[in-house]
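Chemist: These protein sequence lines are chains P and U, in that order. Start counting the first sequence at 32; every next residue gets the next number (my numbering). Start counting the second sequence at 33; every next residue gets the next number (my numbering).
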Amino acid sequence: MIKVTDLHKSFGATEVLKGIDAEIKEQEVLCVIGPSGSGKSTFLRCINLLEEITAGDIVIDGESLMDPKIDINELRSQVGMVFQHFNLFPHMTVLNNVTLGPMKVKGISEKDAEKLSLDLLEKVGLSDKAYVYPGSLSGGQKQRVAIARALAMSPKVMLFDEPTSALDPELVGDVLGAMKDLANEGMTMVVVTHEMGFAREMGDRVLFMDEGKIMEEGRPEDIFDNPQHKRTQEFLSKLL
Amino acid sequence: MIENFTEIFTSPHWVNTLPFILKGLQLTLIVTFVGVFFGFILGSIFGLARLSKSKVIYGIATVYIEVVRGTPILVQALFLYFAVSDFFGINFTALTAGIIAIAINAGAYIAEIVRGGVEGIDKGQAEAGRSVGLSSTQTMRYIIWPQAFKRMIPPLGNQFIISLKDTSIFAVISLGEVTYLMRQYVGTTAETFVPYIMLCLAYLIITIPSMVFLRRIERRLDV
Chain P
32 MIKVTDLHKS FGATEVLKGI DAEIKEQEVL CVIGPSGSGK STFLRCINLL
82 EEITAGDIVI DGESLMDPKI DINELRSQVG MVFQHFNLFP HMTVLNNVTL
132 GPMKVKGISE KDAEKLSLDL LEKVGLSDKA YVYPGSLSGG QKQRVAIARA
182 LAMSPKVMLF DEPTSALDPE LVGDVLGAMK DLANEGMTMV VVTHEMGFAR
232 EMGDRVLFMD EGKIMEEGRP EDIFDNPQHK RTQEFLSKLL
Chain U
33 MIENFTEIFT SPHWVNTLPF ILKGLQLTLI VTFVGVFFGF ILGSIFGLAR
83 LSKSKVIYGI ATVYIEVVRG TPILVQALFL YFAVSDFFGI NFTALTAGII
133 AIAINAGAYI AEIVRGGVEG IDKGQAEAGR SVGLSSTQTM RYIIWPQAFK
183 RMIPPLGNQF IISLKDTSIF AVISLGEVTY LMRQYVGTTA ETFVPYIMLC
233 LAYLIITIPS MVFLRRIERR LDV
């Protein structure tokens, strides 16, 4: 459902992505791993155009992101994004964080948006936090609200940008649990992560990126147990 | 000297200036409130323009802000009341000229307050808004502006106090605000000391509670 062709991204003179080709199939969980600075977050951010694409193309459901006539807001509403630092709206209650998108982008009535949002908050185990402000939540709770916020737009695909990297270790499990539920429901997911356990267990496919390129890709058991590329071997051996 | 002191306490001017103070202060407050109100609108527009990617919009805003901040408000008031009205043949009342001068002057400073407030909001907020599908205008309206505005309150309060004091220069265009009336009082009675003390007190009675109030808000916003 997403096809990336020869994607290049430069910041000024620095080329961060040097030709990425990838395909993400419907209901697939694709995990992207690699050392920091390898361009994996930039790759993810290109998929919902948070970064402008320098060259190449990304096609989502037959629509090219390079098409000048594309409605970026419409596209983004179909691509959910979860950030490393949650980026919840601190001046709104948890519930309003979730209802904002459905109400303002889709024009859903407040009543329906609240019902939808309360259901989603229940799903991530936070229905009791609906009326508090994000400031009083733990990191793990914040990230689960962020997941509910993204899900409220009924996206076709969910992007996760290191969703557990800013969390205390004991809070990682809750967030990964919510992500597993989502994967089991058949959500198409692209997950940039350092959680190798999650990638191994939940990933249908793993991409290993380094220096702006995809070095290796394959099923998790192949990548983790039998990496072919030297850089993959080095990276994985450092994690042990 | 000592005679003077005893005279001060028994001076009739404490009471005699009061009606002028009250009357003048009314006009001072009207010019300040209305001027700063429009200054906030101007400042919001030009402050956001300073954040524009368009070089033309950015340029226009920058010229406005730098010209106003680089000239004294006294000169701005004279220019507006005498030069502009002469040249375009518009007859401002002193009140209109005063309000416009405060609005234009405060607007330039408020534009920088607005720019700073908006720039101070983490980029992730805008990214989160956009990734939900909000347009850039919606993101500004529902996510960035409410958070930025909260941060703008203390400097906006400061600007209010500065503008309040700035209205005193409109005595030169015969706007009957409190400084003008007190100068007239001094002119007719030839008494200086007590009337000018009263004038200082007139400003302080507004500025000091404002500052206390502001500090309280600031503390509350910090938490």
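Positions of the beta carbon are idealized from the N, C-alpha and C atoms, including for glycine.
Where DSSP assigns a beta bridge to Leu238/P, which residues make up the other side?
Modeler: In DSSP, Leu238/P forms a bridge with Val63/P, Glu248/P.
Chemist: Any chance you could list the beta strand (DSSP E) runs of at least 3 consecutive residues sitting entirely within the segment 151-207 of chain U, in chain order?
Modeler: The qualifying runs do not exist here; there are none.
Chemist: Since I believe Val110/P is in contact with Val188/P (beta carbons under 8 Å), could you give me their beta-carbon distance rounded to a whole number of angstroms?
Modeler: Rounded, the Cβ-Cβ distance is 6 Å, consistent with contact.
Chemist: With burial defined as no fewer than 16 other Cβ atoms inside 10 Å of the residue's Cβ, what is the status of Leu231/U: buried or exposed?
Modeler: Under this definition Leu231/U is a buried residue.
Chemist: Within its chain, find whatever has a CB closer than 7 Å to the CB of His116/P; leave out the 5 residues flanking it on each side and keep chain order.
Modeler: Excluding positions up to five away in sequence, the list reads Ala197.
Chemist: Could you pull the start and end residues of the beta strand (DSSP E) that Asp52/P belongs to?
Modeler: Segment 45-55, the beta strand (DSSP E) holding Asp52/P.
Chemist: Taking C-beta to C-beta, are Val129/P and Leu152/P nearer than 8 Å?
Modeler: Yes; because the gap between Cβ atoms is below 8 Å, this pair is in contact.
Chemist: So, helix, strand or coil for Ile134/U, using DSSP?
Modeler: Helix, per DSSP.
Chemist: Would you decide whether Glu226/P is buried or exposed? Buried here means 16 or more other CB atoms lie within 10 Å of its CB.
Modeler: Buried, since its Cβ has 16 or more Cβ neighbours within 10 Å.
Chemist: Give me the Cα-Cα distance between Cys77/P and Glu232/P, rounded to the nearest whole angstrom.
Modeler: Going from the Cα of Cys77/P to the Cα of Glu232/P covers about 26 Å.
Chemist: Please classify Val125/P as buried or exposed, where buried requires at least 16 neighbouring CB atoms within 10 angstroms.
Modeler: That one is buried.
Chemist: For the segment 224-253 of chain U, which residues have a beta carbon sitting closer than 8 Å to at least one beta carbon of chain P?
Modeler: Cβ contacts with chain P: none found.
Chemist: Would the segment 209-229 of chain U count as touching the segment 46-58 of chain U if we require 3 or more Cβ pairs under 8 Å?
Modeler: Counting Cβ pairs under 8 Å, three or more are found: they touch.
Chemist: Is Pro186/U close to chain P, meaning its C-beta is less than 8 Å from at least one C-beta of that chain?
Modeler: For Pro186/U, the answer is no, since every Cβ of chain P falls outside 8 Å of its Cβ.
Chemist: With Asn118/P and Ala177/P assumed to form a contact (beta carbons below 8 Å), what rounded beta-carbon distance in angstroms separates them?
Modeler: About 7 Å; that satisfies the 8 Å criterion.
Chemist: With C-beta atoms as the reference, is Met218/P less than 8 Å away from Phe191/P?
Modeler: Cβ atoms of Met218/P and Phe191/P: not closer than 8 Å.
Chemist: Beta-carbon within less than 7 Å of Asn123/U's beta-carbon, same chain only, minus the 5 sequence neighbours each way: which residues are those?
Modeler: The answer, listed in chain order, is Ser117.
Chemist: What number of angstroms, rounded off, separates the C-alpha of Glu35/U from the C-alpha of Gly56/U?
Modeler: So the alpha carbons of these two residues sit roughly 31 Å apart.
Chemist: For Asn257/P, count neighbouring C-beta atoms within 10 Å of its own C-beta (all shown protein chains included) and say buried if the count is 16 or more, exposed if not.
Modeler: By the 10 Å Cβ count, Asn257/P comes out exposed.
Chemist: Any Cβ of chain P within less than 8 Å of the Cβ of Trp46/U?
Modeler: So, not an interface residue.
Chemist: Please identify the residue among Ala209/P, Met184/P, Gly171/P whose C-alpha is closest to the C-alpha of Leu19/P.
Modeler: Since the first residue of chain P shown is 32 and the last is 271, residue 19/P is not available in this structure.
Chemist: Can you check whether the C-beta of Pro121/P is within less than 8 Å of a C-beta belonging to chain U?
Modeler: Pro121/P counts as touching chain U.
Chemist: So, helix, strand or coil for Thr36/P, using DSSP?
Modeler: In the structure shown, Thr36/P sits in a strand (DSSP, three-state: E or B).
Chemist: Just checking my contact of Arg87/P with Leu38/P at CB under 8 Å: how many whole Å lie between their CB atoms?
Modeler: In the sequence as displayed, the identity of residue 87/P is Gly instead of Arg. Indeed they touch by this definition, with Cβ atoms about 4 Å apart.
Chemist: Determine the extent of the beta strand (DSSP E) in which Val99/U is found, giving its start and end residues.
Modeler: Per DSSP, Val99/U belongs to no beta strand (DSSP E); it is in the alpha helix (DSSP H), 87-101.
Chemist: Between the C-alpha atoms of Val255/U and Pro241/U, what's the straight-line distance to the nearest angstrom?
Modeler: Low per-residue confidence applies at Val255/U: pLDDT is 49, beneath 50, and the placement is therefore not dependable enough to give any value.
Chemist: Of all the beta strand (DSSP E) runs that stay within the bounds of the segment 168-198 of chain P, which reach a length of 3 or more residues?
Modeler: DSSP runs (the beta strand (DSSP E)) wholly in the segment 168-198 of chain P: 188-192.
Chemist: Residues bridged to Met112/P by DSSP?
Modeler: Bridge partners of Met112/P: Leu190/P.
Chemist: At which residues does the alpha helix (DSSP H) containing Met123/P begin and terminate?
Modeler: Met123/P -> no alpha helix (DSSP H), and no H or E assigned at all.
Chemist: Please name the residue, chosen from Thr42/U, Ile73/U, Thr221/U, that lies closest to Ala140/U on a Cα-to-Cα basis.
Modeler: Of the listed residues, the one whose Cα sits closest to Ala140/U is Ile73/U.
Chemist: Which value, in whole angstroms, describes the spacing of the CA atoms of Trp46/U and Ala129/U?
Modeler: For Trp46/U and Ala129/U, the distance between alpha carbons rounds to 31 Å.
Chemist: Taking just the CA atoms, how far does Phe202/U sit from Tyr212/U?
Modeler: So the alpha carbons of these two residues sit roughly 8 Å apart.
Chemist: Pick out whichever of Ile89/U, Ser163/U, Lys85/U, Val150/U has its Cα sitting closest to the Cα of Ala180/U.
Modeler: The option with the nearest alpha carbon to Ala180/U is Val150/U.
Chemist: Please state whether the Cβ-Cβ distance between Thr60/U and Thr199/U is less than 8 Å.
Modeler: Their beta carbons are under 8 Å apart, which means Thr60/U touches Thr199/U by this criterion.
Chemist: Run down chain U in chain order and give the residues with a C-beta less than 9 Å from the C-beta of Val136/P.
Modeler: Chain U residues near Val136/P: Val164, Gly165, Leu166, Ser167, Gln170.
Chemist: Using DSSP with H/G/I as helix, E/B as strand and the rest coil, what is Ile91/P?
Modeler: Ile91/P: strand per DSSP, three-state reduction.
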